[in-house]
Structure formats: C-alpha cells, structure tokens
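Encoded as structure tokens, the structure appears first; notes follow it.
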Amino acid sequence: MRLGFLGFGEAASAIAAGLAEEGMGELFAYDIASGQALSERAARCGVSLVGSLAELAACADLILSLVTARVALPVAREIAPYLRAGTLYADLNSCGPRVKAEIGQVMAQLAPAAIYASVAIMSAVPPLRHRVPLVADGPGATRLREALAPYGMNIEIVEGPPGAAATLKMCRSVVLKGMEALFLEALLAAEKAGVTEQLLASLNASFSDRPLGDLGLYLLERHRRHAQRRADELEEAAATLADWAIEPLVAAGAARRLRWSAERLTRLAAQGESEIVAGEERESHQGYRLLLRQLNTT
103 MRLGFLGFGE AASAIAAGLA EEGMGELFAY DIASGQALSE RAARCGVSLV GSLAELAACA
163 DLILSLVTAR VALPVAREIA PYLRAGTLYA DLNSCGPRVK AEIGQVMAQL APAAIYASVA
223 IMSAVPPLRH RVPLVADGPG ATRLREALAP YGMNIEIVEG PPGAAATLKM CRSVVLKGME
283 ALFLEALLAA EKAGVTEQLL ASLNASFSDR PLGDLGLYLL ERHRRHAQRR ADELEEAAAT
343 LADWAIEPLV AAGAARRLRW SAERLTRLAA QGESEIVAGE ERESHQGYRL LLRQLNTT
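Going by this note's numbering, the residue at position 22 of the sequence shown is 124; the numbering climbs one at a time, nothing skipped.
Here it is in structure tokens:
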C-alpha cells in the first residue's frame, strides 16, 4: 500500500514517523509550503515529497488529508478530479459534521470511483503519533481500519453517514476547548490582580487527585502552540451545536476568547516575542505568567 499525506505539518509528520517505524514502506506527501524545514521533516520520517495534488493522487492508494478545517473542503474539491478508482480518501481535519458531509458529497460528485472516510482525531497527535485514537465513519471507514490497524493505528468505527464521528469530536471540543478558554480568562484576570500563584494553588487543593492548576497550565501550553487551530475547532463546535438547535451560549463565548488570544499571539510572534515558555520557566510558572502579561497588554 502506498500512503499519501495531504498536508505535512505537525500531526501528519508525527503519524508518518510512527508508521515508518512500523514498517510502512511507501509514504508520500504534498504540502503547499516549501523550503528546507519541510524537506528535512519529510526526510526524517522517510516520506517522499511530491510537487502537486495530481502527483500525490497518482502515487497514493490511500490519502490522509491533514490540512486545516478552513481549507479541508476546497482542498477536497481540488484533488477529487485526480483521484483514481479505488483510492481511499480520508479526511482527518477538525471540521464539523456539516463540512465532513459536504466533503463526502464532493467525492461522490467529482470522484465517484474513489472511497471516502470521515475521521475525527480524538487526542493530541504528537505524544501518541500513529497510535492516536481515531473515530471513523462513512463508506471507507472499515477499509481504512483494515489498511492501517496492522501498523498500529487505533481506529474505532461509528455507524452513520459522514459526520457522525465529527459530531462526537465537536461535543468533546465544547468541553476541552471551553475549559481552555475558561482557564485562559481566569488566569488573565488573576495575573492582572497579582494572585496567579494563589489561584493555581487553590485549584490544586480543590482537585488533589488531579491538580486542576496543572491542567490549566497544560491547556495554556497547548493553546500557545496551536491557538489559531484550536479557535477554528471551537468555532466549528459552536456551529455544530447550532445545527442541532442548541444555542451555543458557552461554546460561542469560549470561541471568541480563544480567537481574541490567537490574534494577539500572532502579533507577538510577528514581534519575535512568543517563544517564551520553555525549560525552567515552564516549571516555575514564570514563562506562563509572562505570556499572560503580554496578552493583557498586546
């Protein structure tokens, strides 16, 4: 089997590295970006880069789309005419169920001889790499599991049309990203008031079995690294709730908070001031506190 990655960022490269270690021999990738960093990342993972969507479609029997939620649908439209009969196209992006279903419709219209699977990634990819829990639906779900389970991939199938797995993921995102936004907002206020350390200690004392303050800092670190993507995902989650006639009062507000922070982190990055949480700073909370102060003043 020849596996292709559409998009080769952090998640795709982590999965590719794990699959290469499991013995999957032919790995290909196409990414709109270019440059030495991309080439070096691909080389470390044993992945051959190709120069176009058409070339990726020609090389791969199974394609994993790992771009972003915002471009997943237009990218599917662009690659669909190139897909060969029997090619399995799996969308792993953090889209809501409506977009997942629309991608399925695109495949049915523009690539009727290809097979589509809608997939939701249910945890952070880098720590688990190819063993990250996945939930799949759609006509290609069973074939996807049969193709990748022998290489250690963890794929659960849910019954239903394309989008069933995404609905599960979006409901989960309301909880996790909502907590992220809640911690971010509380810590911003605490830092401005000078009570950050006391707040973290109080949270840890209230949840001694699983220190809540530590969870808050973990979520803040994930947010710092992937703020734009996580804001995108929670906006998708809010839209999903609205599709089910549930007014997303909490999710929409949390999404606005994450977007607010993502825009400020982008400005900090442009100023070269965002990579501040590392090593001893992380252990002492000082890096996070500096980040909170920067967000409060940006």
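A virtual CB, placed ideally from N, CA and C, is assigned to each residue, including glycine.
### Task
Could you have a look at F110 and say whether DSSP puts it in helix, strand or coil?
coil
### Query
Helix, strand or coil for N306 per DSSP?
helix
### Query
Are three or more beta carbon pairs between the region 121–128 and the region 249–259 nearer than 8 Å?
yes
### Beta-carbon contacts of L278 that lie in its chain and below 6 Å, excluding the five residues immediately before and after
none
### Query
In the DSSP assignment, what are the bridge partners of V410?
Because the chain is modelled from 103 through 400, residue 410 falls outside the range shown and cannot be assessed.
### A295, enclosing alpha helix (DSSP H) - first and last residue
A266 to A295
### Contact set for V379: own chain, Cβ-Cβ below 7 Å, skip 5 residues either direction
Here the model assigns V379 a pLDDT of 47, short of 50, so the residue's position is not dependable, and the following value carries that caveat. So the qualifying residues of the chain are E323, R326, G389, Y390 and L393.
#### Entry: Cutoff 7 Å; reference A341; Cβ partners in own chain excluding five residues on either side
G198
#### Entry: Rounded straight-line distance, which links the Cα of V177 to that of A219
15 Å
### Task
Assess, as a yes-or-no matter, whether the region 274–288 is touched by the region 353–368 under the definition of 3 or more beta carbon pairs within less than 8 Å.
yes
### Message
What would DSSP say about E349, mapped onto helix, strand or coil?
### Response
coil
#### Entry: Contacts around R395, its chain only, beta-carbon distance under 7 Å, and the 5 residues preceding and following it disregarded
E293
### Message
Rounded to whole angstroms, what is the Cα-Cα separation between T399 and D316?
### Response
24 Å
### Task
Tell me where the beta strand (DSSP E) around L190 begins and ends.
L190 to D193
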